[in-house]
Amino acid sequence: MAVTFNINTGSNTPIYKQITDQVRLGVASGRLAVGDQLPSVRALAEDLVVNPNTVARAYADLISEGLLESRAGRGVFITQKRKIYSRAEGWRRLEPMLNALIGEAMILDFTRDELREAFEEKLSKWKHQKGGDGKNE
Amino acid sequence: MNNESVIQTRNLTKYFGGKAAVYELNLDVPRGCVFAFLGRNGSGKTTTIRMLMGMVPPTRGTGTILGHDIRALTPEVRARIGYLTEEHQLYGWMNVKQCGEFQSKFFAKWNGRIFRGVAGHFGLKPEARVKDLSRGERAGLCLALTLAPEPELLMLDDPGLGLDPVARRGLVESMIFLTRKSDRTIFFSSHHLSDVERTADYIAVFDRSILRACCPLEKFQESVQQVRLRFPGTPPALPKIPGLLQAVRTENELRVTCVHYNGEAETALRALSPVEMESVPLGLEDAFISYLGERGEKTFILSEMEAQS
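What follows is the structure, given as structure tokens:
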């Protein structure tokens, strides 16, 4: 497992959503590959000190999205990546982060060109990673 | 898993003098869940727990615990319930081991491994005297004494009260560990919403003797939403919004917190023609505070706004 889960209480994001978001990010960034096994519900719950039903709900959501697969008696695995969100839904989720990024960059006095450059550089690093190539369309 | 309720009340009411401590409470706690009982100080939580344990007779209404009438609980039924009171009453002259031996005599079933395991989890030495223990250690000892008979239902009255963060984490870990047995139910009251967020399947929110919400934890969190509206100048007066909890206005912003934010509320807010309008989810603590926050201040703000219009 190449993802370390990290849970914050008191967040605007419910715990089950923090878990699903971190699995999605792991897959998108290539840190989680098809066939990788995730910890069992019980193990992750005790590791994060959260109710096992919360972890089970997160896994159930990811299974119904087609990102995870439960193999009887063996555990939970990352499965073939399928299209998860519609484009519209994707934009809806991306926009607040873009706003936050640009806002922060403006506060810190970065120029537009600097920002573009940094953005391109980061993108070039992600190119070879699984899932970062835009095949999601 | 079955759907049977381990706790069920119908119109359960308790008056002290002319004042209702608990008013017409209807509660269903499913078997196998972790159920958090929330509310401000003096809202009736402890009275409810004491009624459920058969220690305070209700003024009217009915209740069952593990299927038995709370007005006539037998010692056999009580032995199946682990009740941890707020006070952590112990004999100061006993040591940790003696406390366990003493308590075990009152129960047909006693699991010494659980007792030593939980006590060890809180760093308690068997020969340590109760009078020398810290508050967190006493809480750990009480928890060990409560868990050792392997009760099928745990009633924990504010188990985190006065504990330091390390001791509280120990408590939360113990609660998570207990869910390994899927038919075990934990009913607890607490003010520590981060602990509640980690442990609870369901929450019940009590407000001045009345139950105001009872639902899955995430549902509560998701049904309280804040809408932020920005205006070019001073925000206009707020119209009637269904489910309004709080409204705060700043120089050119209006922040409206609603429960069950829906199309009707959205239409009413859009009609104010803000330049920008976004709805943001709230964390459990903010949702809780908006839900139970002082009405006085809220109506004050609102009436002031109405006066301006």
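Top to bottom, those sequences are chains A and B. Just so we're aligned: 109 in the working numbering is position 86 of the first sequence, and the numbers increase by one with no gaps anywhere. Just so we're aligned: 285 in the working numbering is position 283 of the second sequence, and the numbers increase by one with no gaps anywhere. Quick reminder that beta carbons are idealized off the backbone N, C-alpha and C, glycines included.
What does the alpha-carbon distance come out to for the pair C143(B) and E118(A)? As a position in the second sequence, residue 143(B) is number 141, starting the count at 1. As a position in the first sequence, residue 118(A) is number 95, starting the count at 1. In the sequence on display, residue 143(B) carries Leu and not Cys. Approximately 51 Å between the Cα atoms of the pair.
Whole-angstrom Cβ separation of G46(B) and V24(B), contact assumed at under 8 Å? The count along the second sequence starts at 1 and reaches residue 46(B) at position 44. The count along the second sequence starts at 1 and reaches residue 24(B) at position 22. Going by Cβ atoms, the distance from G46(B) to V24(B) rounds to 4 Å, so yes, they are a contact pair.
Whole-number beta carbon distance between L54(B) and V198(B), since they are thought to touch under 8 Å: As a working note, residue 198(B) is residue 196 in the second sequence. As a working note, residue 54(B) is residue 52 in the second sequence. Taking 8 Å as the upper bound for CB-CB distance, V198(B) and L54(B) are not in contact here, some 19 Å apart.
Can you confirm whether Y39(A), when its beta carbon is compared against all beta carbons of chain B, has any partner nearer than 8 Å? For the purposes of this step, residue 39(A) is taken as the residue at position 16 of the first sequence. Cβ-Cβ to chain B under 8 Å: yes for Y39(A).
Partners in chain B for S63(A), counting only beta-carbon separations shorter than 7 Å: Taking the first sequence and counting its residues from 1, the one referred to as residue 63(A) is at position 40. Residues of chain B whose Cβ lies closer than 7 Å to the Cβ of S63(A) do not exist; the shortest such Cβ separation is about 12 Å.
How is the beta strand (DSSP E) around K21(B) delimited, first residue to last? Within the second sequence, residue 21(B) is the residue found at index 19, counting from 1. Run containing K21(B): K21 to P32, per the beta strand (DSSP E) assignment.
Kindly indicate which three-state DSSP category E253(B) falls into: helix, strand or coil? Residue 253(B) sits at position 251 when you count from the first residue of the second sequence. Note: E253(B) maps to coil in three-state DSSP.
Short of 7 Å in beta carbon distance, which residues of its chain neighbour C101(B), apart from the five on each side in sequence? Order them along the chain. Locating residue 101(B) in the second sequence gives position 99, where the first residue counts as 1. The answer, listed in chain order, is L92, V132, L143 and L147.
Over what stretch of residues does the beta strand (DSSP E) that includes G285(B) continue unbroken? To locate residue 285(B), count along the second sequence from 1; it is residue 283. Neither: G285(B) is in no beta strand (DSSP E) and is coded neither H nor E.
According to the Cβ coordinates, are L180(B) and R186(B) closer than 8 Å? Indexing the second sequence from 1 puts residue 180(B) at position 178. Indexing the second sequence from 1 puts residue 186(B) at position 184. Yes.
Please determine, among Y82(A), I101(A) and G113(A), the residue with the shortest C-alpha to C-alpha distance to I42(A). For the purposes of this step, residue 42(A) is taken as residue 19 along the first sequence, with counting starting at 1. When only C-alpha atoms are compared, the closest one is Y82(A).
Among I291(B), E220(B), L14(B) and L231(B), whose alpha-carbon lies nearest the alpha-carbon of G65(B)? Taking the first residue of the second sequence as 1, we reach residue 65(B) at position 63. Nearest of I291(B), E220(B), L14(B) and L231(B) to G65(B), Cα basis: L14(B).
Roughly how many angstroms separate the alpha carbons of R230(B) and L271(B), rounded to a whole number? In the second sequence, residue 230(B) corresponds to position 228, counting from 1. In the second sequence, residue 271(B) corresponds to position 269, counting from 1. Cα to Cα, the separation comes out at about 10 Å.
Step through the CB atoms of chain A and report whether any lies within less than 8 Å of the CB of R33(B). In the second sequence, residue 33(B) corresponds to position 31, counting from 1. False, the Cβ-Cβ gap to chain A never drops below 8 Å.
Using the DSSP secondary-structure output, state which residues sit across from G84(B) in a beta bridge. Numbered from 1 along the second sequence, position 82 holds the residue referred to as residue 84(B). In DSSP, G84(B) forms a bridge with L156(B).
Report yes or no: is there a C-beta of chain A within less than 8 Å of the C-beta of S305(B)? What you label residue 305(B) is simply residue 303 of the second sequence in a count that begins at 1. Residue placement at S305(B) cannot be trusted, given a pLDDT of 40 that sits under 50; what the coordinates show is reported in the next sentence. For S305(B), the answer is no, since every Cβ of chain A falls outside 8 Å of its Cβ.
Could you give the first and the last residue of the continuous beta strand (DSSP E) run that contains L121(A)? As a working note, residue 121(A) is residue 98 in the first sequence. Counting along the chain, L121(A) falls outside any beta strand (DSSP E), though it belongs to the alpha helix (DSSP H) covering R110 to I130.
Anyone know if the C-beta pair for L245(B) and A267(B) falls short of 8 Å? Sequence index remark: in the second sequence, residue 245(B) carries index 243 (1-based). Sequence index remark: in the second sequence, residue 267(B) carries index 265 (1-based). The sequence shown places Gly at residue 245(B), not Leu. With a cutoff of 8 Å on beta-carbon distance, G245(B) and A267(B) are scored as near each other.
Measuring straight from C-alpha to C-alpha, what distance separates F28(A) and P62(A)? Taking the first sequence and counting its residues from 1, the one referred to as residue 28(A) is at position 5. Taking the first sequence and counting its residues from 1, the one referred to as residue 62(A) is at position 39. So the two alpha carbons sit approximately 10 Å from each other.
For a test of the three-state rule: what should DSSP assign to E88(A), helix, strand or coil? On the first sequence, residue 88(A) is found 65 positions in, with the first residue counted as 1. Under the three-state reduction of DSSP output, E88(A) falls in the helix class.
I think A22(B) touches S211(B), with their Cβ atoms under 8 Å apart; what is that distance to the nearest whole Å? Within the second sequence, residue 22(B) is the residue found at index 20, counting from 1. Within the second sequence, residue 211(B) is the residue found at index 209, counting from 1. Right, the Cβ-Cβ distance comes to about 5 Å (below 8 Å), so this counts as a contact.
For L135(B), tell me which candidate among R52(B), D209(B) and H90(B) has the shortest Cα-Cα distance. Along the second sequence, read from residue 1 onward, the residue named residue 135(B) stands at position 133. Of R52(B), D209(B) and H90(B), the residue nearest in Cα terms is H90(B).
Check whether L86(B) and T50(B) have beta carbons under 8 Å apart: Start at 1 with the first residue of the second sequence, and residue 86(B) comes out as number 84. Start at 1 with the first residue of the second sequence, and residue 50(B) comes out as number 48. Their beta carbons are not under 8 Å apart, which means L86(B) does not touch T50(B) by this criterion.
Which residues does DSSP list as the beta-bridge partners of E278(B)? Looking up residue 278(B) in the second sequence gives position 276. Its beta-bridge partners are R232(B).
Once the 5 residues before and after F124(B) are set aside, which same chain residues still bring their CB inside 8 Å of it? As a working note, residue 124(B) is residue 122 in the second sequence. Around F124(B): G138, E139, A141, G142, L143, L145, A146, A169 and G172.
I want to see whether chain A comes within less than 8 Å of V174(B), judged by CB atoms only; does it? Looking up residue 174(B) in the second sequence gives position 172. Cβ-Cβ to chain A under 8 Å: yes for V174(B).
Those residues which DSSP pairs with T48(B) across a bridge: Mapped onto the second sequence, residue 48(B) falls at position 46. Note: T48(B) sits in no beta bridge, so no partner.
Find the nearest neighbour of I83(B) within the set L158(B), V36(B), P234(B) and V98(B), judged by alpha-carbon distance. Translated into positions along the second sequence, residue 83(B) becomes position 81. Ranking the options by Cα distance to I83(B), first place goes to L158(B).
Could you say if the stretch 54 to 63 of chain B and the stretch 194 to 208 of chain B meet the contact criterion of at least three C-beta pairs nearer than 8 Å? The stretch 54 to 63 of chain B is not in contact with the stretch 194 to 208 of chain B.
When the Cα of A110(B) is compared with those of I116(B), R118(B), K16(B) and P77(B), which residue comes out closest? Residue numbering aside, residue 110(B) sits at position 108 when the second sequence is read from its first letter. Of I116(B), R118(B), K16(B) and P77(B), the residue nearest in Cα terms is P77(B).
How about R200(B) and V174(B): are their beta carbons less than 8 Å apart? As a working mapping, residue 200(B) is identified with position 198 in the second sequence. As a working mapping, residue 174(B) is identified with position 172 in the second sequence. The criterion of a C-beta distance shorter than 8 Å is satisfied by R200(B) and V174(B).
CB-CB under 7 Å to I30(A), same chain, minus the five flanking residues each way: which ones, in chain order? For the purposes of this step, residue 30(A) is taken as the residue at position 7 of the first sequence. Counting only Cβ-Cβ distances below 7 Å, and skipping sequence neighbours, we find I38, Q41, L71 and V73.
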